[in-house]
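*Asks:* Provided herewith is a single structure, encoded as structure tokens, for subsequent inquiry.
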Amino acid sequence: MRRLLGLLRRVLGTFVTRHRDREFEAEMESHLQLHIDDEMAAGRSPVDARRRALAKLGGLAATRQAWREQRGVPRIDAIRKDIVYALRQLRQSWGWTAVAVLSLGLGIGANVALFAVAHRALAATLAVRDPATLVALHWSGNNPAAVNSSSYGYWAAAPAAQTWAGSFSYAAFDEMRRRTRTLPHLFAFAPVDLRFSSGSVRETLQMQFVSGNYYPALGVRPRLGRLLSNVDDETAASVVVLSEEYWKRRFNGDPAILGSAVSINEHAFSVVGIAPAGLGDLYRPDGRTFDVVLPLSTEPVLVGERSRLRNPADWWLLVMGRRDEGTSLSQIQADLAPVFANAAGAGTKPRADLGPLSLSVSDGRRGVYDVRPEQTQGMTIVGITFAVVLGIVIVNLANLFLFRGETRQREFAMRSTLGASRGRLVQQLLTESLALSVIGMLVGLACAEVCLRLLAGTTGTASPVSLNATALVFAMSLTVCTAICFGLFPAFRSTSALGARIPLSRVTGRRRIARVLVAVQVTLSAALLVSAGLLTRSLINLRSTPSGFNAENLAFVRVRVEMPGYGPERLTSLRRDVLGYARTLPGIESATMSSQTLLTGDSNGSRLEFDGKVAQESTPFVVVGTDYFKTLQIPIRQGRALSPADDAGEEPLAVVTEAFAARWYAGQSPIGRTFRNRYFSPQPIRIIGVSSNIKYARMRADAPPIAFVNEGGGNRSTSVLYVRTVDDPSPVLARIRAFVLAQEPTADVRMSRQTEAIEAGYQAERAFALASSTFGLLAVLVSMVGLFGLLSYAVARRTKEFGVRVALGATPHDLLRSVLVEALTITGLGTLLGIGLSFAASGFLGRYLFELSPYDPVTHGGAVVILFVVATVAGALPAWRASRVEPTMALRHD
Amino acid sequence: MAPQIDIWQGTLSLMVLKTLQALGPMHGYGIARRIEQTSQNRLALNYGTLYPQLLKLEQEGAIAAEWGVSDKNRRARFYRLTPAGRRQLERETREWDEAHDILALFLQPGKSRS
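Chains as they are written, first to last, in the numbering used here: chain A, 1 to 894; chain B, 895 to 1008.
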């Protein structure tokens, strides 16, 4: 206790100093005065008395020092002084500091940003009470057929021979909920887009149907009012909960919204509460939130005849549960599997040919679908780039500190003579590195914000990631580690020869280390430069890859109406009207319908039947209107395109791609041959033409075999309007939108230019290329600063030697050359190793490249040229200085 | 010059406390002189070493200080024992006696403890 008190006062004493110091000086004065009085009383002269008093004290300065050491904690005191001194040192050479801080800032910032993204992707759990006891339910079937259940955009990486999904029919959910003995809460939810109106607000929103126990099971408290309950669900109460985000965005957080009437798909509902912000989608933790939440039992009323709730063949509900702490996942699985098998077997399977289905129960803390594997894949390559850049920065700073240590030998020698121990000097130097790092970190945190925006593209997360406390802790630890990495070695090297004159061998040894460090930097930056070049060229390849059709001045429009009573026939007739209207517009070259868009990730395949045998693989199957080939400008190679007259004949007809002919007819002409797709039409489909190949769902994939089938031949409608315009499609699109809304004010119209849609598919590649080129060039810059530093230092050191050589007849040209040769030797060596490194990583890099070999000679050659050009520039100034050495000046040189 | 004996290093604080107990409030110079006198000048003290010790005791709350006027009418900083210091003195005296007795058993094995 006593010790603690003492320590506390000492710590305080470190900071509250001035008053106490003055008091001490006064006390010393008083002490001396008392002593002098005594000495003079003993008959000594004032001068003698004072001398004796001082001697007896043991020196005023020594006493003061001893007293001060007791006053504060000496270590803290020293650290405080070190920091002040370090900042002064950094300020003195501010140009050097600026370069160091900037490079550190970029290095640290990029890594912190990536950490924030990775942390969210890897560690993020759902923002609800105790996510660890949530469980997610999935089922799988042993059949490779495509699934007719809703996956809500998520495609699981299931083994090829299986289907795997997380959606259930209401019947299956209800059966499990009623029969479970292990799960206190089993709840269901499903996203839906419905029209919302309140006063002047009229829009289509992302909504969610939830079972009555959804909020109680999650343990969420209302932000305002109340949340939905079991009673609401049982009575199909016309009540909704708004998300806090939507409430703030649209109603400015006005509490008067409680109890007010809103309309959902033209049905009257009342708002009973606001759900707290941040309660995102349970389907996967990507930060998406729902604007409006509705009781599940209101679905039949809201959706009308297309209701999915009572249809046991429609598998659309996502199901999760809350278990008790003591119940294990396997117990729940054992409990629910028979119930599920029973419910699924009772004619309620999503597809008859799926065979027996089995249930799996897994950890639900990350939602129904764990998207980590997808997200981390994109991060790996960026992560490696950033780590390497930070490595280069560290090596570079270590080198610069080494040179600085060299030039400060006199200062160290002086301080050492004045009694500073080596440990004390090392501590001082480390403080300098740390101070530099901390400033770098501050710059880095600003950089991180910028990087986060860059990174958002590579992972495809919906909402931006921000720096949280964990990321800040990471930033700080990274900063300290960085400082130690680049500070420790130079600090020990620089103070190793204190007191003695540095022998020549040591100096050259130090330069050898510096050379190796610079070569390492060049190696790493060469590797980065090559990978940046490869990724950029891959993106260029991707962009210049022909799609097989003309995407310029091409646009597509999707029209949906979610009104109850608005049946498929009315929708089809509306779409037909829109097509008719579009064809009359000026500026339109042609217009057509299609069952899907191209190169937007959309894919729709069927297992076709050839000669009575159903194929194992699924083939893209596109239902098209007339003028499809004319509108998309897909060349017909054999036979003919589909014509309006074909739709009158009831017989399904197809134009297939060359790849289709090659796959199913071994390259022979398929014209006149038939195949079947029983989901489309019971009749065989006759092939009347062969088109050239086109890219289908995404650019990266090869052009697949595709069948284009006429709309009139079967039972599948076309929902996408494709228009080709003479020039920019925007005015035409605006007029089409106006036309649709005039016909049906509640319609949801989405439109996009084909070129934009394709470009959106390159988002990840673009972000990769941008991030790796930016940081690749940064790495080159940093290494060249390193090279420049090394050469400048070497030239300064060798002035005397150059002087002697000039005196012995060397021309300035010789000296110039000798410095440049050193620069290029180091660069050459580093480049060679760097290319070796990129060859070693070729397997890894190759996965990210599109139609480009990881050994691409152009890219490698380009990197070599860039490095040599920059190295020559970096070496030019030191070389020029060397050539200007005056022998007389040099010999006088210290 | 009196010999420099190492033992007083660790016990200087004890001497300071004891002196303050004996003399009442006293300034640094007075304490130093008194310690020398008490040791019958067998201890030679660098007066400077006393001040960090006084500061330490002050930080630990064993003594308190305030400015006053000496008997020769000089301003000086007077130290006095606090209750905590009194307890500390008692405890350290006891411990010191104990240590002394134990050592005595080793150094003068003939004498048994009375």
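Just so you know, even glycine gets a beta-carbon here, dropped at the ideal spot from N, CA and C. Computed from a prediction, not measured in an experiment: that's the story for all the values here.
In chain order, what residues of the same chain have a beta carbon less than 8 angstroms from the beta carbon of V726(A), not counting five sequence neighbours either side?
*Replies:* To locate residue 726(A), count along the first sequence from 1; it is residue 726. N553, G587, I588, E589, listed in sequence order.
*Asks:* Which residues share a DSSP beta bridge with T619(A)?
*Replies:* Mapped onto the first sequence, residue 619(A) falls at position 619. Beta-bridge pairing links T619(A) to S606(A).
*Asks:* Output needed in chain order: residues of the segment 917-936 of chain B with a Cβ under 9 angstroms from some Cβ in chain A.
*Replies:* Listed by position, the residues of the segment 917-936 of chain B near chain A (Cβ gap below 9 angstroms) are H921, G922, Y923, G924, A926, R927.
*Asks:* So, helix, strand or coil for A313(A), using DSSP?
*Replies:* Indexing the first sequence from 1 puts residue 313(A) at position 313. Correct three-state label for A313(A): coil.
*Asks:* If you follow the alpha helix (DSSP H) that L877(A) is in, where does it begin and where does it stop?
*Replies:* Residue 877(A) sits at position 877 when you count from the first residue of the first sequence. Looking at the DSSP string, the run of the alpha helix (DSSP H) that includes L877(A) is 857-883.
*Asks:* Excluding the five sequence neighbours on either side, which residues of its own chain have a C-beta within less than 7 angstroms of the C-beta of R698(A), listed in chain order?
*Replies:* For the purposes of this step, residue 698(A) is taken as the residue at position 698 of the first sequence. These residues qualify, in order along the chain: L599, G601, G761.
*Asks:* Give the secondary structure of N940(B) by DSSP, where H, G and I count as helix, E and B as strand, and everything else as coil.
*Replies:* Taking the first residue of the second sequence as position 1, residue 940(B) is located at position 46. DSSP places N940(B) in coil when its eight states are reduced to three.
*Asks:* Using the beta-carbon of each residue, which ones in chain A are nearer than 7 angstroms to Y945(B)?
*Replies:* Here the question's residue 945(B) lines up with position 51 in the second sequence. Those are T63, W67, listed as they occur along chain A.
*Asks:* Could you give the C-beta distance for L528(A) and T385(A), rounded to a whole number, given that I count them as a contact under 8 angstroms?
*Replies:* Residue numbering aside, residue 528(A) sits at position 528 when the first sequence is read from its first letter. Residue numbering aside, residue 385(A) sits at position 385 when the first sequence is read from its first letter. With a Cβ gap of about 6 angstroms, L528(A) and T385(A) count as contacting.
*Asks:* Which residues in chain A sit within 7 angstroms of S907(B), going by Cβ to Cβ distance?
*Replies:* Within the second sequence, the letter at position 13 stands for residue 907(B). Those do not exist, as S907(B) stays about 12 angstroms from chain A at its closest Cβ, beyond 7 angstroms.
*Asks:* Over the uninterrupted alpha helix (DSSP H) stretch that includes F844(A), give me the two end residues.
*Replies:* What you label residue 844(A) is simply residue 844 of the first sequence in a count that begins at 1. Counting along the chain, the alpha helix (DSSP H) containing F844(A) begins and ends at 842-846.
*Asks:* Which of helix, strand or coil does DSSP assign to L294(A)?
*Replies:* Residue 294(A) sits at position 294 when you count from the first residue of the first sequence. L294(A) falls in the strand class under three-state DSSP.
*Asks:* When the Cα atoms are used, what is the spatial distance from R936(B) to R18(A)?
*Replies:* Locating residue 936(B) in the second sequence gives position 42, where the first residue counts as 1. Locating residue 18(A) in the first sequence gives position 18, where the first residue counts as 1. The alpha-carbon atoms of R936(B) and R18(A) are separated by roughly 38 angstroms.
*Asks:* Over what stretch of residues does the alpha helix (DSSP H) that includes F474(A) continue unbroken?
*Replies:* Numbered from its first residue, the first sequence carries residue 474(A) at position 474. That run of the alpha helix (DSSP H) goes 469-494.
*Asks:* In its own chain, which residues sit with a C-beta less than 7 angstroms from the C-beta of D314(A), not counting the 5 before and 5 after it?
*Replies:* Locating residue 314(A) in the first sequence gives position 314, counting from the first residue. Answer for D314(A): S169, R308, listed in chain order.
*Asks:* Is the segment 534-545 of chain A in contact with the segment 651-665 of chain A, if contact means three or more CB pairs nearer than 8 angstroms?
*Replies:* Because the criterion of three Cβ pairs below 8 angstroms is not met, the segment 534-545 of chain A and the segment 651-665 of chain A do not touch.
*Asks:* Which runs of the beta strand (DSSP E) spanning at least 3 residues fall entirely within the segment 965-999 of chain B, listed in chain order?
*Replies:* Here the runs fully enclosed are 969-975.
*Asks:* Along chain A, in chain order, which residues have C-beta atoms closer than 7 angstroms to that of A970(B)?
*Replies:* Within the second sequence, the letter at position 76 stands for residue 970(B). Ordered by position in chain A, the residues that pass the 7 angstroms Cβ test against A970(B) are S30, L34.
*Asks:* Along the chain, where does the alpha helix (DSSP H) containing R23(A) start, and where does it finish?
*Replies:* Counting from one through the first sequence, the residue named residue 23(A) turns up at place 23. Checking the sequence shown, residue 23(A) turns out to be Glu, not Arg. Where E23(A) is concerned, the enclosing alpha helix (DSSP H) stretches over 18-41.
*Asks:* Can you tell me whether P620(A) is buried or exposed, with buried defined as 16 or more other CB within 10 angstroms of its CB?
*Replies:* Residue numbering aside, residue 620(A) sits at position 620 when the first sequence is read from its first letter. Result: buried.
*Asks:* Would the beta-carbon of P633(A) fall within 8 angstroms of that of V690(A)?
*Replies:* Taking the first residue of the first sequence as position 1, residue 633(A) is located at position 633. Taking the first residue of the first sequence as position 1, residue 690(A) is located at position 690. Here the sequence assigns Gln to residue 633(A), which means Pro is not the residue at that position. The answer is no: Cβ separation not under 8 angstroms.
*Asks:* Taking the alpha carbon of V292(A) as the point to measure from, which residue in F739(A), S792(A), E245(A) has its own alpha carbon closest?
*Replies:* Within the first sequence, the letter at position 292 stands for residue 292(A). The shortest Cα separation from V292(A) among F739(A), S792(A), E245(A) belongs to E245(A).
*Asks:* Taking all protein chains shown into account, decide if H35(A) is buried (16 or more other Cβ within 10 angstroms of its Cβ) or exposed.
*Replies:* Taking the first sequence and counting its residues from 1, one reaches residue 35(A) at position 35. H35(A) should be labelled buried.
*Asks:* Tell me which same chain residues have a C-beta within less than 8 angstroms of the C-beta of R10(A), skipping the five on either side of it?
*Replies:* Taking the first residue of the first sequence as 1, we reach residue 10(A) at position 10. Contacts found: Q70, R71, G72, V73.
*Asks:* Pick helix, strand or coil for Y369(A), following the three-state DSSP scheme.
*Replies:* On the first sequence, residue 369(A) is found 369 positions in, with the first residue counted as 1. Y369(A): coil per DSSP, three-state reduction.
*Asks:* Quick one: residues in its chain with C-beta nearer than 8 angstroms to the C-beta of T674(A), no 5 flanking neighbours on either side, listed in chain order?
*Replies:* The sequence position of residue 674(A) within the first sequence is 674, counting from 1. If we look at T674(A) and ignore the five residues flanking it on each side, its Cβ neighbours are P684, I685, R686, I687.
*Asks:* Taking DSSP as the reference, what is the three-state secondary structure of L914(B)?
*Replies:* For this step, residue 914(B) is matched to residue 20 along the second sequence. Reduced to three states, the DSSP call for L914(B) is helix.
*Asks:* For the segment 316-332 of chain A and the segment 359-370 of chain A, state whether three or more C-beta atom pairs, one from each stretch, are separated by less than 8 angstroms.
*Replies:* Taking 8 angstroms as the limit for Cβ pairs, the verdict is that the segment 359-370 of chain A does touch the segment 316-332 of chain A.
*Asks:* Would you check if there are 3 or more beta carbon pairs closer than 8 angstroms linking the segment 99-115 of chain A to the segment 181-194 of chain A?
*Replies:* Flag = no, the segment 99-115 of chain A and the segment 181-194 of chain A do not touch.
*Asks:* Check each residue of the segment 948-975 of chain B: if its Cβ is closer than 7 angstroms to any Cβ of chain A, include it; give the result in chain order.
*Replies:* Within the segment 948-975 of chain B, the qualifying residues are L949, K950, Q953, E954, G955, S964, K966, R968, R969, A970, R971.
*Asks:* May I ask which residues mark the beginning and end of the alpha helix (DSSP H) holding Q70(A)?
*Replies:* Counting from one through the first sequence, the residue named residue 70(A) turns up at place 70. Per DSSP, Q70(A) belongs to the alpha helix (DSSP H) from 60-71.
*Asks:* If you follow the alpha helix (DSSP H) that T774(A) is in, where does it begin and where does it stop?
*Replies:* Looking up residue 774(A) in the first sequence gives position 774. Element bounds for T774(A): 763-797.
*Asks:* So within the segment 634-669 of chain A, which uninterrupted beta strand (DSSP E) runs reach at least 3 residues, ignoring any that extend past its ends?
*Replies:* Fully enclosed beta strand (DSSP E) runs of 3 or longer: 636-639, 653-657.
*Asks:* Are T597(A) and A398(A) close, meaning C-beta to C-beta below 8 angstroms?
*Replies:* Counting from one through the first sequence, the residue named residue 597(A) turns up at place 597. Counting from one through the first sequence, the residue named residue 398(A) turns up at place 398. It is not a contact, given that the beta carbons lie outside the stated cut-off.
*Asks:* At a Cβ threshold of 8 angstroms, is S52(A) touching chain B?
*Replies:* Stepping through the first sequence from its first residue, residue 52(A) is reached at position 52. The residue asked about is misnamed: residue 52(A) is Arg in this sequence, not Ser. For R52(A), the answer is no, since every Cβ of chain B falls outside 8 angstroms of its Cβ.
*Asks:* So, are the CB atoms of V239(A) and V272(A) less than 8 angstroms apart?
*Replies:* Position 239 of the first sequence, counted from the start, is the residue given in the question as residue 239(A). Position 272 of the first sequence, counted from the start, is the residue given in the question as residue 272(A). Closer than 8 angstroms, so yes.
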